[in-house]
Amino acid sequence: MRKLKFIISLSFAIFASMQLMEAEAAVVENDFYGTTDVQHDWKEYGTDINVFQTDSHDVTYWKNFMRYSRTCNISHKVKTVVYYCELHDHTKSETFLEDITHSVNHSH
Numbered sequence: 111m112r113k114l115k116f117i118i119s120l121s122f123a124i125f126a127s128m129q130l131m132e133a134e135a136a137v138v139e140n141d142f143y144g145t146t147d148v149q150h151d152w153k154e155y156g157t158d159i160n161v162f163q164t165d166s167h168d169v170t171y172w173k174n175f176m177r178y179s180r181t182c183n184i185s186h187k188v189k190t191v192v193y194y195c196e197l198h199d200h201t202k203s204e205t206f207l208e209d210i211t212h213s214v215n216h217s218h
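As numbered in the working numbering, the sequence shown has no gaps in its residue numbers, which increase by one up to the final residue, 218.
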């Protein structure tokens, strides 16, 4: 009985993985952005600027012959631009890293 369950499970796993590989191949064949014969009329649709806190680290410094420690928070300013093609009703986006900011002014 265990062997039968194992064989059925194994055959189902193999069948499911083969179907996934065929689905991925179909997506690659219908890629509109990779073809050069289609001309798009990209126009800037909108922009969005976000600031994300990404990391923090401790900074040590000396003041009046005393050693102090502070936490410096690092944040990234990210700009996302969305483009729209009216001819084909397609969108695409580009993301740019605008600035990296440290909350404490120190040497890196």
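Beta carbons: idealized from backbone N, C-alpha and C, even for Gly.
| Check | Outcome |
| --- | --- |
| Extent of the continuous beta strand (DSSP E) to which serine 185 belongs | 176-195 |
| Proximal residues to glutamate 208 (C-beta, below 6 Å), its chain only, five neighbours per side dropped | Lys187 and Lys189 |
| First and last residue of the uninterrupted beta strand (DSSP E) at aspartate 168 | 152-173 |
| Serine 119 in three-state terms, based on DSSP | helix |
| Strand pairing of glutamate 204, partner residues [DSSP] | Val191 |
| Inter-residue spacing [alpha-carbon to alpha-carbon] between tryptophan 172 and isoleucine 210 | 25 Å |
| 7 Å Cβ shell around histidine 167 - same chain, five flanking residues per side excluded | Cys182 |
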